[in-house]
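There are 2 protein chains.
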Amino acid sequence: MIETDDPELACPIAPAVDLVFSRWTTPILWALHTYGRQRFVQLERRLSSITPKVLTQRLRQLERDGLVTRTYHPEVPPRVEYEITPLGQSLAPLFAGLADWADENLPKVHEARAVFDAR
Amino acid sequence: MIETDDPELACPIAPAVDLVFSRWTTPILWALHTYGRQRFVQLERRLSSITPKVLTQRLRQLERDGLVTRTYHPEVPPRVEYEITPLGQSLAPLFAGLADWADENLPKVHEARAVFDAR
DNA sequence: CTGTATCCGATACGATACTG
DNA sequence: CAGTATCGTATCGGATACAG
Numbered sequence: 090m091i092e093t094d095d096p097e098l099a100c101p102i103a104p105a106v107d108l109v110f111s112r113w114t115t116p117i118l119w120a121l122h123t124y125g126r127q128r129f130v131q132l133e134r135r136l137s138s139i140t141p142k143v144l145t146q147r148l149r150q151l152e153r154d155g156l157v158t159r160t161y162h163p164e165v166p167p168r169v170e171y172e173i174t175p176l177g178q179s180l181a182p183l184f185a186g187l188a189d190w191a192d193e194n195l196p197k198v199h200e201a202r203a204v205f206d207a208r
Numbered sequence: 090m091i092e093t094d095d096p097e098l099a100c101p102i103a104p105a106v107d108l109v110f111s112r113w114t115t116p117i118l119w120a121l122h123t124y125g126r127q128r129f130v131q132l133e134r135r136l137s138s139i140t141p142k143v144l145t146q147r148l149r150q151l152e153r154d155g156l157v158t159r160t161y162h163p164e165v166p167p168r169v170e171y172e173i174t175p176l177g178q179s180l181a182p183l184f185a186g187l188a189d190w191a192d193e194n195l196p197k198v199h200e201a202r203a204v205f206d207a208r
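Those protein sequences? They're chains A and B, same order as listed. Numbered according to our numbering, the first sequence spans residues 90 to 208. Numbered according to our numbering, the second sequence spans residues 90 to 208.
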């Protein structure tokens, strides 16, 4: 039995989880991965329930983390395009694996909930 | 180009993300997966920064979702043991994949942050 | 169009104390 | 030991309005 004094960080995937699965990041990355390079307003419409403030916050974070690039075109009106990076693309197999897991196991989760709630 | 009116849910992994990567779930599942069946107080000590209230909340949620079982032994003092279910175990390959991704790519993320912050 | 600024409410978390 | 109850707080996200 391994013992540790820093148990929370003893979960080796915690940093990656914080990075990849913080709120709005998967829908944004999914949109960029699926529909390709697109403008701010396109993302805003696709993620219909997001506000511009939050979308900006998340895009900045993703840009800082190297998962997304931001390209500014100094025109009138201004045009900004966001695109997923190779580093962001490298998450695709993970997302696919998660989608497969969900296809196979989400029904079991709902079944478990029904059983649990029936008490 | 596919178009949809429900863009947030157009991210097919969103439900699974909510289920698996909500706060504290990965450290708890990791502890149960790594160290096996254990008591409430053992989990509490391993996740040193968690409070009993939150630990209870998360364990109930995991139990309801079928990822964890709770076994109550009516003794004095009472003894309760938690164990990961086969459904919970089915997440192991996903977690391993995430760990591999982190090993290879977290350094790149930190590098990207350093570059970004240097402006 | 692409954001920023402000305010606000909900939620979630932690601290603490207490019970069976 | 295994929780529950209560309280205070902090953070985050949404709504709205506005600017370059």
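Virtual Cβ for every residue (Gly too), placed ideally from N, Cα, C. All of these numbers come straight from a predicted model, not from anything done at the bench.
Straight-line gap, residue i to residue j (C-alpha atoms, nearest Å)
i	j	result
B/D206	A/R153	8 Å
B/Y161	B/G125	16 Å
B/N194	A/P182	14 Å
A/Q150	B/D189	22 Å
A/E164	A/R128	14 Å
A/R147	B/L144	29 Å
B/R135	B/T174	20 Å
A/L64	B/T114	Within the shown structure, residues of chain A are numbered from 90 to 208, placing residue 64 of chain A beyond reach of any answer.
B/S137	B/F184	22 Å
B/I139	B/P167	21 Å
A/G186	B/V130	33 Å
B/K197	B/Q178	30 Å
A/F110	B/K142	24 Å
A/R208	B/L108	22 Å
A/A191	B/A191	22 Å
Residue from the options with nearest C-alpha to residue i
i	options	result
A/E133	A/E164, A/A191 and A/V169	A/V169
A/R202	B/G177, B/G155 and B/F110	B/G155
A/L176	B/P167, B/R159, B/R135 and B/H199	B/H199
B/V204	A/V165, A/T158, A/K197 and A/P167	A/T158
B/E172	B/Q146, B/R135 and B/T123	B/T123
B/R112	A/K142, A/G186, A/K197 and A/V106	A/V106
Per DSSP, the bridge partner or partners of residue i
i	result
A/Q127	A/Y171
B/H122	DSSP, once it has assigned bridges, lists no residue as partnering B/H122.
B/V157	B/I173
B/H162	B/R168
Self-check item: Contact list for the region 193-206 of chain B against chain A, Cβ threshold 7 Å
Solution: N194, L195, K197, V198, A201, R202 and F205
Quiz prompt | Given 8 Å, three or more beta-carbon pairs between the region 106-124 of chain B and the region 101-121 of chain A | solution = yes
Quiz item: For the region 99-113 of chain A, which residues have a beta carbon sitting closer than 8 Å to at least one beta carbon of chain B?
Solution: A99, C100, P101, I102, A103, P104, A105, V106, L108, V109 and F110
Quiz item: Residues in the region 152-176 of chain A with C-beta within 9 Å of chain B's C-beta atoms, listed in sequence order?
Solution: E152, R153, D154, G155, L156, T174 and L176
Self-check item: Interfacial residues, the region 131-146 of chain B to chain A, with Cβ spacing under 8 Å
Solution: R134, R135, L136, S137, S138 and I139
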